[in-house]
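Asker: Take -4 as the starting number for the sequence shown in the working numbering and just add one per residue.
Glycine included, every Cβ here is placed at the ideal spot set by N, Cα and C.
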Amino acid sequence: MPGLQPLRTPRPVARNGVPGAARFSVGLAPALVTAVAYVDPGNVATNVSAGAGYGYRLLWVVVGSNAAAGLIQYLSAKLGACSGRSLTEHVAGALGPRGRLAYWLQAELMAAATDIAEVVGGALALRMLFGLPLWLGAVLTAVGSTGLLLLRDVRGQRAFALAVTVVLVLVGGAFVGCALAARPAAGATAAGLVPSLPSGAMLLASGIFGATVMPHAVYVHSALSRDGLAVPPGQRRAPVRALLSATRAGVVVAMTGAGTVNAALLLIAAALLPAQGGVMDLVQAHTMISALLGAGPALALALALLLSGLASTSVGTHAGDLAMRELLHRRVPLWLRRLPGPVPALVLLAAGADPTRLLVLSQVALSVCVPFVLVPLVAFTARGTVLGAAVNHRVTTVLASLVAAAAMAVDIVLLTQAVSG
């Protein structure tokens, strides 16, 4: 009848006041999608090299970096969910045209470093599995990762999140299974949690930090949390306390899984591979693991490396797309954005660059970009005018500021080493 509205079935609401779908969309799904960036080929290269080069002694760097990343990802998700705007939107609102252009340029450099890691990692995995030339493996990896991104556009964010979650579980299971088979020494593992920095380990330590406190994952997490809270007209927005609870739970689950995988990678290398004091060639590591543990674990390791390269590319590409759209108000089709992505990796591989070293250096490059993300993130989440009741506690702001200061200190040390040769 005219004037009558159809009855709507109310959605189930959890005890904390957040509908079940919202808990997934705001808390767990964004955290899982971004967590795949924490188990990408760059993480594999840095953690395996750290374990092979310095045994268990850099385990504390992995654990500490993962804890710092968990805090940063929580702030990123909170900013998106509770302010309704992503980090890049907030940055765009605070900068003038020239500032936005400069900030976009560093974000694109970050996306390029991410692409190098994912494409090279996939190429290495395909060489391990099928003996393919690196250039061909790089092309196939780029094509496969583009297909995964198209899934997001065709099937929607939830289908994409489910696909990435499946990949994350498979990758995590493979790496943790290999670690259990390697049987790392319990005493040495415990000793590795005590902070110390062996001589010559600064490059790998900064690579671990850059591979864990991922700048592109921060951009994406805030946008996914914002987009996951699309409240239909007439529906009451969830209370801030409930949003924060859902966000914390999602981050804890995702980062615990990612941290376990990264620690497992270092423990595999520390237990099985000979100490050689530098970057460990991943193909050589794969051959040694096959000889020591058998074909099964070696196959799982190669497949996990391939899947991680395919899935984590989506996070870097999404971050670059966000930066262009929200800083410059420009958008290009996905296929056009992906087209130049593999080019730097292909050029470097064709020039004879060592692929495993490329992976490590790409993570060092990411660590240089970290302060450009952390400083505005901490500033915005500490402002009551931005987050209202969700504003950071003073202790939270201090801890996040320490992470940002550590990132800047790492950059200063790397720059000093580069200048001094």
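Whose C-beta lies closer than 6 Å to the C-beta of A186 among residues of the same chain, with five residues either side of it excluded?
Answerer: Closer than 6 Å at Cβ, skipping near neighbours: no residue.
Asker: Just the C-alpha distance for G126 and V370, rounded to the nearest angstrom, thanks.
Answerer: In a straight line, the C-alpha of G126 is about 44 Å away from that of V370.
Asker: What's the gap between the Cα of A30 and the Cα of G252?
Answerer: One C-alpha to the other measures close to 8 Å.
Asker: Consult DSSP for S81 and reduce its assignment to one of helix, strand or coil.
Answerer: Coil.
Asker: Is it buried or exposed, Q230, if we count other Cβ atoms within 10 angstroms and call 16 or more buried?
Answerer: Because the pLDDT at Q230 is just 45, under 50, the model does not fix this residue reliably, and the value given afterwards should be weighed accordingly. When all chains shown are included, Q230 counts as exposed.
Asker: What do you get for T411, buried or exposed, if any count of 16 or more other CB atoms within 10 angstroms of its CB means buried?
Answerer: Result: exposed.
Asker: Please indicate yes or no: does the CB of T41 lie closer than 7 Å to some heavy atom of the ligand HEM?
Answerer: No copy of the ligand HEM occurs in the structure displayed, which carries no ligand at all.
Asker: Under a three-way DSSP split, which group does P371 fall into?
Answerer: Correct three-state label for P371: helix.
Asker: Nearest CA to the CA of A400: which residue from C364, V386, L382, L163?
Answerer: With distances taken between Cα atoms, A400 lies closest to C364.
Asker: What first and last residue would you give for the alpha helix (DSSP H) that runs through P25?
Answerer: Run containing P25: 24 to 30, per the alpha helix (DSSP H) assignment.
Asker: Give a yes or no on contact between the region 308 to 322 and the region 178 to 192, applying the rule of three or more CB pairs nearer than 8 Å.
Answerer: No, the region 308 to 322 does not touch the region 178 to 192.
Asker: Between S81 and the rest of its own chain, which residues show a CB-CB distance below 6 Å, the 5 nearest in sequence each way excluded?
Answerer: Excluding positions up to five away in sequence, the list reads G75, S217, A218, R221.
Asker: Could you tell me whether the Cβ atoms of S396 and V373 are closer together than 8 Å?
Answerer: Yes, the Cβ-Cβ distance between S396 and V373 is below 8 Å.
Asker: Give the list of continuous alpha helix (DSSP H) stretches no shorter than 4 residues that lie fully inside the region 98 to 132.
Answerer: As far as the region 98 to 132 is concerned, it has no whole alpha helix (DSSP H) run of at least 4 residues.
Asker: Looking only at C-alpha atoms, which of P36, V28, A64, L131 sits nearest to T344?
Answerer: Going by the sequence as given, residue 344 is Leu instead of Thr. Closest option to L344, Cα to Cα, is L131.
Asker: Measure the beta-carbon distance from V140 to L341 and round it to whole angstroms, keeping in mind my assumption that it falls under 8 Å.
Answerer: The sequence shown places Ser at residue 140, not Val. Contact doesn't hold; Cβ gap of about 14 Å is too wide.
Asker: Less than 7 Å between C-beta atoms, sequence neighbours within five positions excluded: which residues of the same chain meet that for Y69?
Answerer: T242, R243, V246.
Asker: If you draw a straight line from the alpha carbon of T392 to that of A377, how long is it in whole angstroms?
Answerer: In a straight line, the C-alpha of T392 is about 6 Å away from that of A377.
Asker: Nearest to S191 by alpha carbon, out of A348, V34, V57, A137?
Answerer: It is V57.
Asker: Is it true that the region 99 to 111 meets the region 249 to 268, where meeting means three or more beta-carbon pairs spaced less than 8 Å apart?
Answerer: The answer is no - the region 249 to 268 does not touch the region 99 to 111, with fewer than three Cβ pairs under 8 Å.
Asker: Helix, strand or coil for D316, going by three-state DSSP, please let me know.
Answerer: Three-state result, D316: helix.
Asker: May I have the straight-line CA-CA distance separating P25 from P210, to the nearest angstrom?
Answerer: Using only the alpha carbons, I get a separation of about 15 Å.
Asker: If we ignore side chains and look at the alpha-carbon of each, how far apart do M283 and S44 end up?
Answerer: If I take the Cα positions, the gap works out to 14 Å.
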